[in-house]
Amino acid sequence: MREFPNILSMKWALLSVWDKRGIKELAKALGSSGVKILSSGGTGAILKEAGIDFTEVSAYTGSTEMMDGRVKTLHPKVHGGLLGRRGVDDATMAEQGIHPIDLLVTNLYPFEEMARSIPELDALVEYIDVGGPAMIRAAAKNFRDVAVITDPADYPLVIEALMKGGFSPEQRFMLAKKAFARTAAYDAAISNHFQLTRSEERRVGKEC
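If you read the sequence shown in our numbering, its first letter stands for residue 57, the second for the next number, and so on.
Written as structure tokens, this is what we have:
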């Protein structure tokens with residue numbers, strides 16, 4: 057049986073957020089503590105403007121963002137870093153040039169909010185986040201080795217963890233539960249909206 061870290065120190069963090077409240081301050085705290093930061097395009101632009109050192113996800117993976125941002129974090133070097141089991145997958149990660157990601161900070165495209173103001177389904181589907189939930193689920197599944205933050209209100213927990221040397225097992229499990237609850241609610245909101253969109257069913261039926 058493999059041993060899990062009692063305190064999870066942070067060496068690499070991935071920041072990719074829609075809601076950018078507080079992200080600059082969090083990134084500065086991470087950088088000041090020696091944590092290396094990976095960041096996607098939109099979040100990276102905010103960090104670059106603030107003079108915060110980071111590595112662009114596309115530079116790390118070797119794959120540029122494509123399809124108007126639909127594909128950016130869906131890459132083995134990202135998900136391998138989130139799912140890799142410390143002490144089990146280390147050799148594979150090293151062989152593939154995968155950094156173990158200790159902290160994921162992400163929040164999702166605002167589908168619920170946009171559904172109240174965008175009636176056209178073809179426009180609304182662009183606010184269905186794919187990469188975000190995939191990363192959240194990967195990090196939450198691997199909560200023994202990864203901490204996942206899905207709510208800006210939890211950024212103080214990261215600062216506290218930095219001061220204490222890392223996240224405790226109880227904190228990681230609590231954050232994983234919150235993460236799975238968020239993706240469940242998000243998928244439910246999308247499913248419920250689709251179930252209620254009868255006019256779209258009629259239009260699709262005519263096109264087929």
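C-beta atoms are modelled at their ideal positions from N, C-alpha and C, and glycine is treated no differently. Predicted model, so just to flag it, every value in this text is computed and none were measured.
Q. Under the DSSP definition of a beta bridge, which residues are partnered with Phe-250?
A. Phe-250 pairs with nothing; no bridge assigned.
Q. Taking DSSP as the reference, what is the three-state secondary structure of Glu-226?
A. helix
Q. Considering Val-214, what are the terminal residues of the alpha helix (DSSP H) in which it resides?
A. The continuous alpha helix (DSSP H) containing Val-214 extends over residues 211-220.
Q) Run through DSSP, which three-state label would Leu-71 get? A) Strand at Leu-71.
Q) Closest to Trp-68 by CA distance: which of Lys-133, Arg-238, Lys-233 and Leu-180 is it? A) Here the closest residue by C-alpha is Lys-133.
**Q.** Member of Met-191, Val-144, Lys-220 and Met-219 whose CA lies at the smallest distance from the CA of Ser-96
**A.** Met-191
Q. Shortest alpha-carbon distance to Tyr-242 belongs to which of Gly-100, Val-186, Gly-87 and Ser-173?
A. Closest by alpha carbon: Val-186.
Q. Just how far apart, CA to CA, sit Ala-195 and Gly-153?
A. Those two C-alpha atoms are separated by around 19 Å.
**Q.** Beta carbon of Thr-206 nearer than 8 Å to that of Asn-163
**A.** yes
Q | Distance cut-off 7 Å: Thr-239 Cβ against heavy atoms of the ligand GTP | A | Summarising the ligand content, the structure contains no ligands, and the ligand GTP is consequently not present.
Q) When DSSP labels each residue in this structure, what does Glu-81 get in the three-state scheme? A) In the three-state reduction of the DSSP assignment, Glu-81 falls in the helix class, which pools H, G and I.
(Q) By the three-class DSSP mapping on this structure, what secondary structure does Glu-112 have? (A) strand
Q: Specify, as a first and last residue, the run of the alpha helix (DSSP H) that Lys-133 falls within.
A: 132-139
Q: Taking only the alpha-carbon atoms, compute the straight-line gap between Ser-247 and His-135 and give it to the nearest angstrom.
A: 25 Å
Q: Would you mind stating whether Leu-70 and Leu-86 have Cβ atoms separated by less than 8 Å?
A: no
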